[in-house]
């Protein structure tokens, strides 16, 4: 071997030795798998700046985002309406003792923001759906709930809700109220402002309009479902069908005299279906109940006319009226068993359309049971430039808010006051 080659080998050997040591080192180094991101509780509601918009409930961000857990306290209890003919079910009448059958009413909140919008994800347990709000129930001229009715109509029931109330300063608060009956179907929360005397809706059209034939809560309904499928497209939830058992979107004028219809019902139907529609008639106490909330509202007049006189399907077929007027009156009375929606829905406008909402509720058919609880995502621009809205500036970092829930109740509330929303860079 030439002296030149020997010198080259002598120079490479140390390098090779180092290289071999390096290989041995990496081969024996334990493989370290990064620990999965796990959500952690925080003392404030932390909104993190994100580049991927988390505008769906199943967005990856919400799976790992830290959360504020709120242990609810009684805020307002034992409240009942005083207006004649309007009755609150008072699902939260005794506060936590009533809410969700007395089970632990904790709330989890998560938040995120982009350069222009704030996203707040809220979840809580409520094992039942309460969908109706001020629905029209027909109890007959001798109203068992309260004396004095001449029309037979009373307005009853309330729905489930969650609300955030942000401090705007000067005794003014910006309230975002998600209502299962009044705002969720159209994909919004009710945007309100409270100047100290109670929240009122922001300017523009609201998502809901009172379905009332007169001026008081015994006037009865003005509209009924027109029997046409209630479908709409909303962002980001996409195509949605609304259950006519609870929601009134496609409507027509309510027709028929339920007082005459009640007389027909008492004469022809109670033997099977019971005096109050409970299905506890004297012939067979297991007949179909007609007063299940929402159930009868899914039936069209055409469907009833096809079923009721059919002896092969309906044991009481011979008792179904033959007169068109009597059939219409009976149908009006039967609608009053389920409860005709107390409000109809319309698209909001102006400042009332600022807060978008997405929930995990399947609106096409609601059966009353809510095994998964509620998850709601609220979305609003950081700054709407509206005088009745709070303007969020992430540089300010901290904003004070209240949160409260209602279970089948728009008067009594549980929740927690004086929480903090903090913006993280």
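Numbering (my numbering), first residue to last: 19 to 443.
Yeah, the Cβ is synthetic: ideal placement off N, Cα and C, and Gly gets one too.
Owing to the predicted nature of the structure, the values given are computational and were not obtained by experimental measurement.
CB of residue i within 7 Å of CB of residue j, strictly
i	j	result
residue 422	residue 181	yes
residue 263	residue 315	yes
residue 84	residue 64	yes
residue 398	residue 372	yes
residue 195	residue 172	no
residue 244	residue 268	yes
residue 151	residue 199	yes
residue 309	residue 355	yes
residue 204	residue 363	yes
residue 122	residue 95	no
residue 192	residue 407	yes
residue 106	residue 357	no
residue 438	residue 416	yes
residue 188	residue 214	no
residue 75	residue 376	yes
residue 370	residue 209	yes
residue 170	residue 277	yes
residue 2	residue 318	Here the chain has residues from 19 to 443 only, and residue 2 is not among them.
residue 366	residue 225	yes
Nearest neighbour of residue i, chosen from the options [CA to CA]
i	options	result
residue 306	327, 393, 139 and 334	334
residue 345	210, 364 and 287	287
residue 431	190, 90 and 131	90
residue 129	406, 268, 394 and 105	394
residue 223	368, 96 and 176	368
residue 254	295, 396 and 317	396
residue 217	342, 428 and 442	428
residue 80	95, 62, 443 and 57	57
residue 313	282, 353, 274 and 300	353
residue 93	78, 294 and 115	115
residue 117	308, 204 and 178	178
residue 419	176, 138 and 257	138
residue 67	142, 411 and 433	411
residue 98	366, 141, 175 and 443	175
residue 69	140, 145, 134 and 88	134
residue 143	183, 190, 88 and 187	88
residue 140	433, 442 and 443	433
residue 401	101, 131, 380 and 126	131
residue 211	184, 226 and 292	184
residue 77	378, 365 and 441	378
residue 227	293, 72, 359 and 381	359
residue 442	136, 271, 145 and 265	136
residue 455	343, 186 and 197	As shown, the chain starts at 19 and ends at 443. That puts residue 455 outside it, with no answer to give.
residue 146	409, 311 and 231	311
Outcome for residue i when other beta-carbon atoms lying within 10 angstroms are tallied against a minimum of 16
i	result
residue 229	buried
residue 124	exposed
residue 390	exposed
residue 413	exposed
residue 273	exposed
residue 290	buried
residue 248	buried
residue 350	buried
residue 284	exposed
residue 201	buried
residue 110	buried
residue 261	buried
residue 39	Its pLDDT being 40, under 50, residue 39 is placed unreliably by the model, and nothing is read from it.
residue 149	buried
residue 295	buried
residue 36	Any reading at residue 36 must be qualified, since the residue scores a pLDDT of 43, below 50, and its modelled position is unreliable; the value itself is stated next. Burial call: exposed.
residue 404	buried
residue 233	exposed
residue 444	Shown here, the chain extends from 19 to 443; a query on residue 444 therefore has no answer.
residue 59	exposed
residue 72	buried
residue 266	buried
Beta bridge counterpart(s) of residue i as assigned by DSSP
i	result
residue 467	Any question about residue 467 goes unanswered here, given that the chain covers just 19 to 443.
residue 64	440
residue 212	191 and 217
residue 183	193 and 420
residue 269	243
residue 126	87 and 141
residue 94	431
residue 153	174
residue 257	251
residue 399	135
residue 358	154
residue 363	226
**Prompt:** Is the segment 322-338 touching the segment 232-248, taking contact as three or more C-beta pairs under 8 Å?
**Reply:** Output reads no: the segment 232-248 does not touch the segment 322-338.
**Message:** Can you confirm whether the segment 378-389 touches the segment 318-328 when touching is taken to mean that 3 or more C-beta pairs between the two stretches lie within less than 8 Å?
**Reply:** Result no; under three Cβ-Cβ pairs closer than 8 Å.
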